[in-house]
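Everything on this sheet refers to the single structure shown next.
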Amino acid sequence: MNRYPAWKYIVIAIAVLTAIVFTVPNFFPDVPAVQVSSAKAKIDAALLGTVEDTLKGANIAFRGAVLDPTGIKVRFTDPETQIKAKDVLQTKLGENYIVALNLLSSSPRWLASIGALPMYLGLDLRGGVHFLLQVDMKGALDKAADSRAADLRSLLRKERIAYSGISREGGNVVVRFKDEAERNKARVLIEKTYSDMLVRDTDGAGGELRLVAGLKPEAQKARQDGAVAQNIQILRNRVNELGVAEPIIQQQGADRVVVQLPGVQDTARAKDILGRTASLEIRMVNDDPGALESALQGNVPIGNDLFTERNGTPLLVRRQVVLTGDRISDAQPGFDSRTNEPAVHINLDGPGANIFKEVTRENVGRRMAIVLVEKGKAEVITAPVIREEIGGGRVQISGRMTTREANDVALLMRAGALAAPMEIVEERTVGPSLGAENIAKGFDSVLYGFVVLVIFMCSYYMLMGLISSIALALNLLLLVALLSMLQATLTLPGIAAIALTLGMAIDANVLINERIREELRWGATPHAALQAGYERAWGTILDSNVTTLIAGIALLIFGTGPVRGFAVVHCLGILTSMFSAVFVSRGIVAMIYGHRKKLDSISIGQVWRPGNTTPPPAATKA
Numbered sequence: 001m002n003r004y005p006a007w008k009y010i011v012i013a014i015a016v017l018t019a020i021v022f023t024v025p026n027f028f029p030d031v032p033a034v035q036v037s038s039a040k041a042k043i044d045a046a047l048l049g050t051v052e053d054t055l056k057g058a059n060i061a062f063r064g065a066v067l068d069p070t071g072i073k074v075r076f077t078d079p080e081t082q083i084k085a086k087d088v089l090q091t092k093l094g095e096n097y098i099v100a101l102n103l104l105s106s107s108p109r110w111l112a113s114i115g116a117l118p119m120y121l122g123l124d125l126r127g128g129v130h131f132l133l134q135v136d137m138k139g140a141l142d143k144a145a146d147s148r149a150a151d152l153r154s155l156l157r158k159e160r161i162a163y164s165g166i167s168r169e170g171g172n173v174v175v176r177f178k179d180e181a182e183r184n185k186a187r188v189l190i191e192k193t194y195s196d197m198l199v200r201d202t203d204g205a206g207g208e209l210r211l212v213a214g215l216k217p218e219a220q221k222a223r224q225d226g227a228v229a230q231n232i233q234i235l236r237n238r239v240n241e242l243g244v245a246e247p248i249i250q251q252q253g254a255d256r257v258v259v260q261l262p263g264v265q266d267t268a269r270a271k272d273i274l275g276r277t278a279s280l281e282i283r284m285v286n287d288d289p290g291a292l293e294s295a296l297q298g299n300v301p302i303g304n305d306l307f308t309e310r311n312g313t314p315l316l317v318r319r320q321v322v323l324t325g326d327r328i329s330d331a332q333p334g335f336d337s338r339t340n341e342p343a344v345h346i347n348l349d350g351p352g353a354n355i356f357k358e359v360t361r362e363n364v365g366r367r368m369a370i371v372l373v374e375k376g377k378a379e380v381i382t383a384p385v386i387r388e389e390i391g392g393g394r395v396q397i398s399g400r401m402t403t404r405e406a407n408d409v410a411l412l413m414r415a416g417a418l419a420a421p422m423e424i425v426e427e428r429t430v431g432p433s434l435g436a437e438n439i440a441k442g443f444d445s446v447l448y449g450f451v452v453l454v455i456f457m458c459s460y461y462m463l464m465g466l467i468s469s470i471a472l473a474l475n476l477l478l479l480v481a482l483l484s485m486l487q488a489t490l491t492l493p494g495i496a497a498i499a500l501t502l503g504m505a506i507d508a509n510v511l512i513n514e515r516i517r518e519e520l521r522w523g524a525t526p527h528a529a530l531q532a533g534y535e536r537a538w539g540t541i542l543d544s545n546v547t548t549l550i551a552g553i554a555l556l557i558f559g560t561g562p563v564r565g566f567a568v569v570h571c572l573g574i575l576t577s578m579f580s581a582v583f584v585s586r587g588i589v590a591m592i593y594g595h596r597k598k599l600d601s602i603s604i605g606q607v608w609r610p611g612n613t614t615p616p617p618a619a620t621k622a
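Position 431 of the sequence shown, counted from 1, bears residue number 431 in our numbering, the numbering being contiguous throughout.
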């Protein structure tokens, strides 16, 4: 007899129940919603009450408001109400809060309370914005050299080592001396303080004594890798500031970053913030007599850049960067207390505050330019005159900015300074209607494939084919539930992997059914044929799935983007298919045939025995 242990039925029942619970949320459609978040203000139950009271006071109907770790989310019945609610809430809450449009699942709260959430949908299924950004590796090394030049200047002054000047040449820092002993002391100090720098002596024109300090090759590689990692983190910060849910930000290759924002409706805002790869630089203005006039005639002095202020006045700025935006610890929009113009109030970290204090102390009466570098172009925001030494690390920048510009600049500065410039090399927007069409086509492809497989299996293997079809349906249910439990992102390649998984899963049942037929063909009793069919087919099923799993793991490790998404679903599908094809179908067979002491036949289609000249009946006799 083919009895099945009770504990195995319990495992199957738990698996099926869990799969149903975690699959159900995916069948509830997304609804328009508004998300309230903030990096500057507290999100609590009191704010939730304010949001609800504001909407009720404006006679805006909503389907519910919840507070979670990412902020407050309010659901609505249609996009028109959603947009109206966003405007009302933004006006009420002010600039300290970010009110963003979003799409949320309409599944019941009790499902969400136990962690049963729908799987994420990728950009090609939900619509949204896609960016591919290229990191300027040379720019990363140049920025590192600028930062190191400022550090060396502070170090030499602290140790009272006399030098005649410091400048950056390419990716190296050049320190000039008038005394050989001072140069030797500086070289020993730099090598001791900065182990990642390679320092060498050189002689300049006219016998000038120089030290050339540059990063070692391994340090350059680490700096470039770190620049990509830092840029990715900064982009994540900016996405969080935008209030965007479910972003996909990942490295592609050695120097590229993919940013995908599925479900984003306010695409113009996302493009404006993420597309602006801005960084802040503080430089000194060249006020030497005749320098500006010479630059206007086309003879820009070496080591200087000619800019135009926002009021149209030309300005000659030294290329040497005194301070970079990576020294910023906080930035908030506000207003200039004297002119009442929009401004950005910046707090510097400890080293940045010390550098800024030294620079302002030594340049009282001179002008200092605050430059915003964006998409490879530099713009002078303001160039104030230094009236006195500025300590404490608090800086204000202003100058012909609108309130929106001040908010955006503060957001960019607060999110962090890019370790290297980035350029958008690819940009595309996928509309929600196209995403809905992709979902419909993908669902149809899986459905039609499943129906065809069921028809074939039932017509060819009879009852055993129906059992295989039930196992196949459960396999699909388990796969969707597993993707939901892992909160994986489903894309079009993922749907293709689901369709492929159906074919691979039914292959295991074909092996089992054919093995049972073979046992019957050679005279085994039905009970013995069932037992041997599952046991002897298991080795073949395991081998075929393991080899396929190895290929899937290779795609997962070495693939990127859509290939990786395909690999995730593919590997999970292999695991669920082995469970359903062997474990579940064996349990169903035991329920149907296992209780019979004498089994006369198995409904498995036609079985040809050796020596038969006429085909046997559909239900094979023992």
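Ideal Cβ placement from N, Cα and C applies to all residues, glycine included.
Host beta strand (DSSP E) of residue i (start-end)
{"i": "residue 138", "result": "Unbroken run through residue 138 is the alpha helix (DSSP H), 137-158; no beta strand (DSSP E)."}
{"i": "residue 67", "result": "64-68"}
{"i": "residue 293", "result": "No beta strand (DSSP E) holds residue 293; the alpha helix (DSSP H) holding it covers 291-296."}
{"i": "residue 629", "result": "What the structure shows of the chain is the stretch from 1 to 622, and residue 629 is not part of that stretch, so it cannot be assessed."}
{"i": "residue 623", "result": "Limits of the chain in this structure are 1 at one end and 622 at the other, which puts residue 623 out of reach."}
{"i": "residue 71", "result": "71-75"}
{"i": "residue 261", "result": "256-262"}
{"i": "residue 169", "result": "165-169"}
According to DSSP, residues forming a beta bridge with residue i
{"i": "residue 525", "result": "Answer is none; residue 525 lacks a bridge partner."}
{"i": "residue 324", "result": "281"}
{"i": "residue 308", "result": "314"}
{"i": "residue 29", "result": "Residue 29 is not bridged to any residue."}
{"i": "residue 105", "result": "30"}
{"i": "residue 200", "result": "212"}
{"i": "residue 345", "result": "332 and 396"}
{"i": "residue 369", "result": "283"}
{"i": "residue 132", "result": "258 and 426"}
Whether residue i touches residue j by CB criterion (8 Å)
{"i": "residue 544", "j": "residue 499", "result": "no"}
{"i": "residue 601", "j": "residue 526", "result": "yes"}
{"i": "residue 491", "j": "residue 562", "result": "yes"}
{"i": "residue 386", "j": "residue 366", "result": "yes"}
{"i": "residue 559", "j": "residue 495", "result": "no"}
{"i": "residue 31", "j": "residue 93", "result": "no"}
{"i": "residue 95", "j": "residue 407", "result": "yes"}
{"i": "residue 168", "j": "residue 203", "result": "no"}
{"i": "residue 624", "j": "residue 201", "result": "Absent from the structure is residue 624, since the part of the chain shown begins at 1 and ends at 622."}
{"i": "residue 466", "j": "residue 458", "result": "yes"}
Of the residues the options, the one placed nearest residue i, counting alpha carbons only
{"i": "residue 110", "options": "24, 382, 171 and 10", "result": "24"}
{"i": "residue 435", "options": "515, 125 and 204", "result": "125"}
{"i": "residue 332", "options": "338, 344 and 322", "result": "344"}
{"i": "residue 212", "options": "307, 534, 149 and 583", "result": "149"}
{"i": "residue 12", "options": "486, 27, 475 and 129", "result": "475"}
{"i": "residue 261", "options": "104, 255 and 247", "result": "247"}
{"i": "residue 9", "options": "606, 597, 576 and 583", "result": "583"}
{"i": "residue 463", "options": "509, 479 and 482", "result": "509"}
{"i": "residue 15", "options": "481, 472 and 338", "result": "481"}
{"i": "residue 102", "options": "281, 183, 127 and 532", "result": "127"}
{"i": "residue 280", "options": "318, 151, 381 and 59", "result": "381"}
{"i": "residue 143", "options": "327, 570 and 338", "result": "327"}
{"i": "residue 22", "options": "75, 483, 552 and 97", "result": "483"}
{"i": "residue 516", "options": "402, 461 and 201", "result": "461"}
{"i": "residue 431", "options": "425, 424 and 439", "result": "439"}
{"i": "residue 572", "options": "479, 223, 506 and 505", "result": "479"}
{"i": "residue 33", "options": "451, 78, 519 and 249", "result": "78"}
{"i": "residue 427", "options": "134, 566, 100 and 80", "result": "134"}
{"i": "residue 393", "options": "378, 373 and 355", "result": "355"}
{"i": "residue 368", "options": "320, 551 and 337", "result": "320"}
{"i": "residue 209", "options": "229, 215, 223 and 178", "result": "178"}
Within-8 Å CB hit, residue i to chain C
{"i": "residue 484", "result": "In the structure shown, chain C does not exist; there is a single protein chain."}
Opening and closing residue of the alpha helix (DSSP H) in which residue i lies
{"i": "residue 249", "result": "No alpha helix (DSSP H) contains residue 249, which is instead part of the beta strand (DSSP E) from 248-252."}
{"i": "residue 387", "result": "Unbroken run through residue 387: none, as it is neither H nor E."}
{"i": "residue 117", "result": "No alpha helix (DSSP H) contains residue 117, which DSSP labels as neither H nor E."}
{"i": "residue 361", "result": "350-362"}
{"i": "residue 16", "result": "6-23"}
{"i": "residue 88", "result": "79-93"}
{"i": "residue 56", "result": "45-57"}
{"i": "residue 186", "result": "180-193"}
query = Can you list the alpha helix (DSSP H) stretches of 4 or more residues lying completely in the region 453-502, in chain order?
reply = The region 453-502 contains no whole alpha helix (DSSP H) run of 4 or more residues.
inquiry  = Give the list of continuous alpha helix (DSSP H) stretches no shorter than 4 residues that lie fully inside the region 546-617.
reply    = Here the runs fully enclosed are 562-578 and 585-593.
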